[in-house]
Ligand code: HEM
């Protein structure tokens, strides 16, 4: 994944736990990179190693790390570094979610080697939609939950997220029902 993702993990850790913890986490992860460069692609394994090391060092579950990271990605990385892009996503949560399937098209202009997620929105009601998440990567189900929670916070909207389907033998993608 692009370095901006690993940099965001670094920021999240430093903000919540301090710079010393980040050094310990890096040692634990065995990732041998001094500085991540935002617009340079890195092996996905690096991102997974860092997330795993945060969970081990902080003695929290990997799910918790991914949820926190998803929220941070929307509320900090997205809003602070790409404010206008996030704003263009919609005037409210429902609009943003309905536009989600094309959101990464614009990101691809900045990050041409992106391997983006794919989203499909169905069952559009007044106060809920179903978000279908397709990915070439494994294990990011709880990251998406955090992203959806973060979007709820961004629009000051109370959301409930229910996982209706997860990837496995019977299905090739996750489905989340997002209600507000
Ligand atoms: C301006 C804001 C955003 C930027 C700059 C951005 C950029 C990126 C980048 C660079 C990656 C790594 C993929 C790669 O390097 O191949 C990524 C992955 C991802 N993004 Fe975004 N993104 C943004 C907002 C969002 C939002 C709002 C969502 C969903 C609610 C989202 C969902 C995801 C997911 C789930 C992945 C993991 C990739 C996978 O599943 O394979 N992103 N994004």
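In the numbering used here, the protein residues as written are 166 to 345. All C-beta atoms, glycine included, are put in the ideal place defined by N, C-alpha and C.
The continuous beta strand (DSSP E) containing residue 326 extends over residues 325 to 330. For residue 219, the closest alpha carbon among the candidates 181, 204 and 255 is that of 181. Nearest to residue 186 by alpha-carbon distance, out of 170, 174, 222 and 286, is 222. Comparing alpha carbon positions, the residue from 291, 299, 333 and 301 closest to residue 343 is 291.
At the C-beta level, residue 270 and residue 254 stay beyond 9 Å of one another.
Assignment of residue 308 by DSSP, reduced to helix, strand and coil, places it in the helix class. Taking the C-beta atoms as reference points, residue 309 is found nearer than 9 Å to residue 296.
Straight-line measurement puts the Cα of residue 240 at about 25 Å from the Cα of residue 329. When DSSP states are grouped into helix, strand and coil, residue 206 belongs to the strand group. Under the criterion of beta carbons closer than 8 Å, residue 324 and residue 313 qualify as touching, at roughly 7 Å. Judged by DSSP in its simplified three-state form, residue 287 adopts strand. With a cutoff of 8 Å, residue 217 does not count as near the ligand HEM, since its C-beta is closer than that to no heavy atom of the ligand. When DSSP states are grouped into helix, strand and coil, residue 342 belongs to the strand group. By the beta-carbon neighbour count (other beta carbons within 10 angstroms, threshold 16), residue 275 is exposed. Your pair residue 331 and residue 299 does not check out as a contact, with CB atoms roughly 12 Å apart and the cut at 8 Å.
Short of 6 Å from the beta carbon of residue 327, and not among the five residues preceding or following it, lie these beta carbons of its own chain, in chain order: 342.
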